[in-house]
Every structure is written in structure tokens, then in C-alpha cells.
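Asks: My questions will all concern the structure given below.
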Amino acid sequence: MELSWSHRSSYFPLLLFFLAFLGYYSPCGEATQDLIERVCSKSKDPSVCTKALESDPRSHTADLAGLCQISIDLSTTNAKSTQALVTSLGKKATDKISKEIYNTCLENYTNSISVLGDCTNRLQAGDYAGVNIKASAAQTEVDTCDESFKERKLPEPPTLTNACQKVQKLCNIILVTANMLQGN
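Residues -31 to -1, 1 to 153 in mature numbering (1 follows the signal peptide of the UniProt record, and there is no 0) are what the sequence shown lists, from first letter to last.
Here it is as C-alpha cells:
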């Protein structure tokens, strides 16, 4: 018995439903969780890495490049928050040296945010080595802010220290994912 074309096409919605059902219940979430664990096990702070990546809903379906983009986005958001903190602290500074340090830090974070934007462009182009270079440059900018306090022998406010460390740890996730994308 041969089915006519009209009968065959009536199975199409059923086929779509079946494929959607398989996609919804596939173990993709578990595979992504394994990927997050693999990435974070290579990071400088696995617990911060895991918490950060899992906090983004996109991570539940992301591949390695997706996790790299998520880490770029998280780094950028935190760098912008830290930049706002630097601005606020700079406005409260009363001495010339502190004001200079905050101005330096403000410039560092402006540069870091710009370089993180370049990471996205490099990632979209498939230039994973370029992502790595740009993420390292973003980290260097954050380090320079921290070092400005040490060089001048002034204590860095704990809120700024913590914010800088978080940006560093998030940038490290970019480095890990970029290295993995390169096969390292």
C-alpha cells in the first residue's frame, strides 16, 4: 500500500514534535555540565568559575565557544562595575597621590573594557589565539591598577581589591576556554 503525498505530509508535524521532544530531553544539559566542570577544573579558582558560568542561563546549552563568550560578557560586566567603583572612590579621594592612582585605575579599566570587546570580535572570527592575547591584556590592565597602590605604598581599599580579583578570575576563564578552543 502506497501512501499518497498528502498522507506523508500529515506526518510532518508529528515528526517535528518528536524531534523537539528528543531535543528537550536529551542529555545535553549533562554534557554541558561536564564541559563547565572541565573548563573550571583548569581555572585558577574552580568554585568562582563554576558559580559564574552556571549563573548565566546560556551556559546550560552552551558549547565551548559559548562558554568563552559568557566569560567575556561576565568579565566585561564586572570590569564595568569595578570601573564605577573606581570612579566613586576617586571622587572621595582627598590627597593628590590617591587621586592620581584612581585616575590611573580608571584609565586601566577603560582599556580593559575595550580589550574585552576585542575578545568578542576575535572569538566571532575564530581567532582563539587573539582571544587569549586580548584577555591577557585585559588582565594586565587590572594588574596595573593594583600595582599602582603598591608602588605608591598606599593601601588599596578592600572593596576594590575584591572587585579587581573577581575581574582577574573571570578573565582567567576566558584564557582557559580560548586555550581549550585552540586544542591546548
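Cβ coordinates follow ideal geometry from the N, Cα and C atoms, glycine included.
Identify whether Arg7 lies in helix, strand or coil by the three-state DSSP scheme.
Replies: Looking at Arg7 - three-state DSSP - the assignment turns out to be helix.
Asks: Locate the alpha helix (DSSP H) running through Arg87, then write down its first and last residues.
Replies: A small correction: the amino acid at residue 87 is Asp; Arg does not occupy that position in the sequence shown. Its alpha helix (DSSP H) spans residues 65 to 93.
Asks: In angstroms, rounded to a whole number, what distance separates the CA positions of Ser40 and Tyr71?
Replies: Cα to Cα, the separation comes out at about 26 Å.
Asks: Taking a contact to mean a Cβ-Cβ separation below 8 Å, would you say Ser44 touches Thr1 in this structure?
Replies: For Ser44 and Thr1, no; Cβs fall outside 8 Å.
Asks: Taking 8 Å as the threshold (C-beta atoms), are Val8 and Val111 in contact?
Replies: No.
Asks: Less than 8 Å between the CB atoms is what I'm expecting for Cys114 and Asn77, so what's the real figure, rounded?
Replies: Indeed they touch by this definition, with Cβ atoms about 4 Å apart.
Asks: Just the C-alpha distance for Glu125 and Asp14, rounded to the nearest angstrom, thanks.
Replies: Those two C-alpha atoms are separated by around 22 Å.
Asks: Return helix, strand or coil for Glu125, following the three-state DSSP convention.
Replies: It is coil, neither helix nor strand.
Asks: If I measure Cβ to Cβ from Leu75 and keep anything under 8 Å in the same chain, skipping five residues before and after, which residues do I get?
Replies: Hits under 8 Å: Gln52, Val55, Thr56, Gly59.
Asks: Would the region 126 to 135 count as touching the region 85 to 95 if we require 3 or more Cβ pairs under 8 Å?
Replies: Segments in contact, no.
Asks: By a C-beta neighbour count over all protein chains shown, 10 Å radius and 16 as the cutoff for buried, is Thr130 buried or exposed?
Replies: With fewer than 16 Cβ atoms within 10 Å of its Cβ, Thr130 is classed as exposed.
Asks: With Ala107 and Ser81 assumed to form a contact (beta carbons below 8 Å), what rounded beta-carbon distance in angstroms separates them?
Replies: Yes, Ala107 and Ser81 are in contact; Cβ-Cβ is about 4 Å, under 8 Å.
Asks: Applying the criterion that 16 or more other CB atoms from any shown protein chain within 10 Å of the CB defines a buried residue, is Ile142 buried or exposed?
Replies: Buried, because 16 or more other Cβ atoms sit within 10 Å of the Cβ of Ile142.
Asks: Would you say Leu139 and Ala21 are within 8 Å of each other, going by their C-beta atoms?
Replies: Result yes, Cβ atoms of Leu139 and Ala21 sit closer than 8 Å.
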